[in-house]
Amino acid sequence: MSKIIPNQYDGPRPPAKRLPSTHISLDYANSDDAAEIDAGIRETIKGVRLSILAMGLGLARLKEKSLFIDLNYHSMNDYLERLCDEMKIERSTAHNWLYIGEAYIKYRRELERIEFSDADGPTKLPYVDRALEIHEKKEVFRKVKEATLREFKEYAKRMETAAPTSKIKVVGNQLFVGKKLAITFAPELDSKTRKYLTDINVKAGEALQAGEVLYMTSLYDIEELRRFERGAEKVKKEIRKRR
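Everything in the sequence shown is counted per this note's numbering, starting at 136 for the first residue and increasing by one.
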């Protein structure tokens, strides 16, 4: 009795199906349809898509063309607030995605030339501006392609740390930025008030010089300040771990 082998075929076989490319399509990020961009962003957050770069570009496009109005939002910030609430994500995370998209749009030509993609680390892009202030353009874009996030952040501020610690100086009742007079405090101010205002303005000047952001708020008393500082430091560390 003969043995039958099912589906045996010795002729030419069709070519094997190719696996999907790991390159993520940026179709929705380049759309002018607000609803399509919004849906793409939400799919990316859910993990249906895997491109931080596409999501950042989508957000930047919504802002650049004011497409958030088509989604019935008064401002880009209103859109981001609702997105964060509905998708359960941190506000700082969403804003970082937006900065990534804005940086890519600003330097699209250079980034396309080096074939920059998600695999190269889009979280480096918000630091490109700072790097270009102190390094040659060609070298910056080579670094943004090859370096890790930590390496690129250090590269972007290396010259700053080697420079003098501060250009902010206080002489009597005047505050200077380099050799330029910035603020003159009224001589009628009592010493405590003058010191308080001087300290605030020195901190603001140093933050601006370092390319940082100074956040200011008012608190009831010293005890509330101490509690706020502990909480703020903890949140800052958590944010920086995710970068």
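Glycine is no exception: its CB is placed at the ideal position from the N, C-alpha and C atoms.
This structure is a prediction, so every number in the text was calculated from the model and none was measured.
- In this structure residue 196 does not touch residue 170 by the C-beta definition: roughly 13 Å separates them, more than the 8 Å allowed.
- Per DSSP, reduced to three states, the secondary structure at residue 349 is coil, with no helix or strand assignment.
- The residue from 374, 311, 288, 190 with its alpha-carbon nearest to that of residue 267 is 288.
- For the region 253 to 309, the continuous alpha helix (DSSP H) assignments of 4+ residues that do not extend past its boundaries occur at 263 to 269, 272 to 281, 284 to 297, in sequence order.
- Its chain contains 206 as the residues whose beta carbon lies nearer than 7 Å to that of residue 173, once the 5 sequence neighbours on both sides are disregarded; these appear in chain order.
- In summary, residue 190 is buried, with 16 or more beta-carbon neighbours lying within 10 Å of its beta-carbon over all protein chains present.
- About 15 Å separates the CB atoms of residue 363 and residue 349; that is not less than 8 Å, and the two are not in contact.
- Under the three-state reduction of DSSP, residue 224 is assigned to coil, being neither helix nor strand.
- Taking the Cβ atoms as the reference, residue 198 lies roughly 7 Å from residue 233, within the contact range of under 8 Å.
- In this model, residue 256 and residue 210 are separated by some 29 Å (Cα to Cα).
- DSSP lists 304, 316 as the bridge partner or partners of residue 311.
- Linking residue 226 to residue 193 through their CA atoms gives a straight-line distance of about 16 Å.
- Between residue 276 and residue 249, the C-beta gap is smaller than 8 Å, which places the two residues in contact.
- Contact between residue 272 and residue 290 fails: their C-beta atoms lie close to 14 Å from each other, not under 8 Å.
- In this structure, residue 280 keeps its C-beta atom at 8 Å or more from the C-beta atom of residue 320.
- Annotated three-state conformation of residue 327 is helix, per DSSP.
- When the five nearest sequence neighbours on each side are left out, the beta carbons in the same chain lying within less than 8 Å of the beta carbon of residue 284 are those of 256, 258, 259, 378, in order along the chain.
- Distance from residue 222 to residue 269 at the Cβ level is roughly 37 Å; contact not present, criterion being Cβ atoms closer than 8 Å.
- Residue 182 counts as exposed, since fewer than 16 other beta carbons sit within 10 angstroms of its beta carbon.
- With respect to residue 274, residue 303 sits apart: the two C-beta atoms are not nearer than 8 Å.
- Minimum Cα-Cα distance from residue 204 among the listed residues 188, 168, 230 corresponds to 168.
- When the five nearest sequence neighbours on each side are left out, the beta carbons in the same chain lying within less than 7 Å of the beta carbon of residue 239 are those of 188, 191, 192, 246, 260, in order along the chain.
- DSSP places residue 215 within a helical segment (H, G or I) once states are collapsed to three.
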